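Trainee: Residue numbers (my numbering): 11 to 280.
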Ligand code: ARG
């Protein structure tokens, strides 16, 4: 069974956590007074990059900028699909300057960047899944941005409403396993959105709250290997039963800022 899962090589963009810190609180995970161990954060992030490379993925880096402690969360910078870049407009004014260095990177890599008119936090809330783009709203990205995304890519956008502030970005409550299916925490969504997910993904992996609180849904799958928080034990077991291969990577230092593996990873889809 486990041999039936075929990995696809990915191109990832990440940002070294040189200036990573918790200096403001824009989600319930961020508490001032909880110190970040910078050395530990750096070692954890390195291990993620090494794990991606060891599994055949390409990892590129955008240079970190002093004074932007959340810049390590590369997922929020854009959604890149078919080589087209839909940039971001951060909800929190403190994060807005992050768009500049990411845009510079995209330009130097040969991409044009579309500037959204409405608040939109990239892959944090915009998740390509099979024939659709799943789009979260409720805390950050707005329904207006969902419309803009659909118009820009010409791909059907499925709006999903998040209801729990601990799971404020779609990528904290759901991740894509492969072209066919996803894993998610049902209670993180409004009743209607739950029904939509059940209709679109009848075979989805349903995660429990404990695994989601361990950032288990902030995972990255290449179709076979699932880079996942080691705290999400039950979920890793469910995935293994389905023939996926969990690859545990501990980013616990980043949980203090409300981020995990997926938050630190931007996928460049060509
Ligand atoms: N501190 C950051 C924020 O609240 C964390 C972003 C996490 N990124 C993500 N893709 N969920 O904006």
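By construction, the Cβ of each residue, glycine as well, lies at the ideal position given by its N, Cα and C atoms.
All figures in this text were calculated on a predicted structure; none of them were measured in a lab.
Would you mind stating whether residue 265 and residue 211 have Cβ atoms separated by less than 8 Å?
Mentor: no
Trainee: Answer with buried or exposed for residue 27, where buried requires no fewer than 16 other C-beta atoms within 10 angstroms of its C-beta.
Mentor: buried
Trainee: From the DSSP secondary-structure annotation, give me the bridge partner or partners of residue 137.
Mentor: 144
Trainee: Quick check: the region 124-132 against the region 98-105, are at least 3 beta-carbon pairs closer than 8 Å?
Mentor: yes
Trainee: Is it true that the CB of residue 227 sits closer than 8 Å to the CB of residue 199?
Mentor: The answer is no: Cβ separation not under 8 Å.
Trainee: Name, in chain order, the residues that DSSP records as bridge partners for residue 88.
Mentor: 97
Trainee: Helix, strand or coil for residue 42, going by three-state DSSP, please let me know.
Mentor: Residue state, collapsed to three classes: coil.
Trainee: Taking the straight line between their C-alpha atoms, what separation do you get for residue 65 and residue 124?
Mentor: 31 Å
Trainee: Quick one: give me the first and last residue of the beta strand (DSSP E) that residue 22 is part of.
Mentor: 21-25
Trainee: Specify the secondary structure class of residue 194 as computed by DSSP and reduced to three states.
Mentor: strand
Trainee: So, does the region 143-152 touch the region 103-119, judging by three or more C-beta pairs under 8 Å?
Mentor: They do not touch, by the three-pair rule.
Trainee: Can the beta-carbon of residue 136 be found less than 8 Å from the beta-carbon of residue 151?
Mentor: yes
Trainee: Can you pull the DSSP bridge partners for residue 4?
Mentor: The structure shown does not extend to residue 4, since the chain is modelled only from 11 to 280, so the question has no answer here.
Trainee: Helix, strand or coil for residue 230? Go by DSSP, reduced to three states.
Mentor: strand
Trainee: For a test of the three-state rule: what should DSSP assign to residue 294, helix, strand or coil?
Mentor: No answer is possible for residue 294: the residues shown for the chain start at 11 and end at 280.
Trainee: Would you report the Cα separation of residue 85 and residue 273, rounded to the nearest angstrom?
Mentor: Their Cα atoms are separated by approximately 5 Å.
Trainee: Would you report the Cα separation of residue 219 and residue 243, rounded to the nearest angstrom?
Mentor: 12 Å
Trainee: Given this structure, state the Cα-to-Cα distance separating residue 217 from residue 175, to the nearest angstrom.
Mentor: 17 Å
Trainee: Please tell me whether, using a cut-off of 7 Å, the distance from the CB of residue 105 to the nearest non-hydrogen atom of the ligand ARG is below it.
Mentor: Flag set: Cβ of residue 105 near the ligand ARG.
Trainee: Are there 16 or more other CB atoms within 10 angstroms of the CB of residue 189, so buried, or fewer, so exposed?
Mentor: exposed
Trainee: Between which two residues does the beta strand (DSSP E) holding residue 184 run?
Mentor: Counting along the chain, the beta strand (DSSP E) containing residue 184 begins and ends at 184-186.
Trainee: Report the residue from 71, 194 and 77 whose alpha carbon sits nearest the alpha carbon of residue 29.
Mentor: 77
Trainee: Look at the alpha carbon of residue 249 and the alpha carbon of residue 182, and state the distance between them as a whole number of angstroms.
Mentor: 17 Å
Trainee: Quick check on DSSP: helix, strand or coil for residue 259?
Mentor: coil
Trainee: Closest by CA to residue 262, which one among 96, 73, 240 and 247?
Mentor: Of the candidates 96, 73, 240 and 247, the one whose C-alpha sits nearest the C-alpha of residue 262 is 240.
Trainee: Whole angstroms is fine: what's the gap from residue 71's alpha carbon to residue 57's?
Mentor: 15 Å
Trainee: Please state whether DSSP places residue 265 in a helix, a strand or coil.
Mentor: Residue state, collapsed to three classes: helix.
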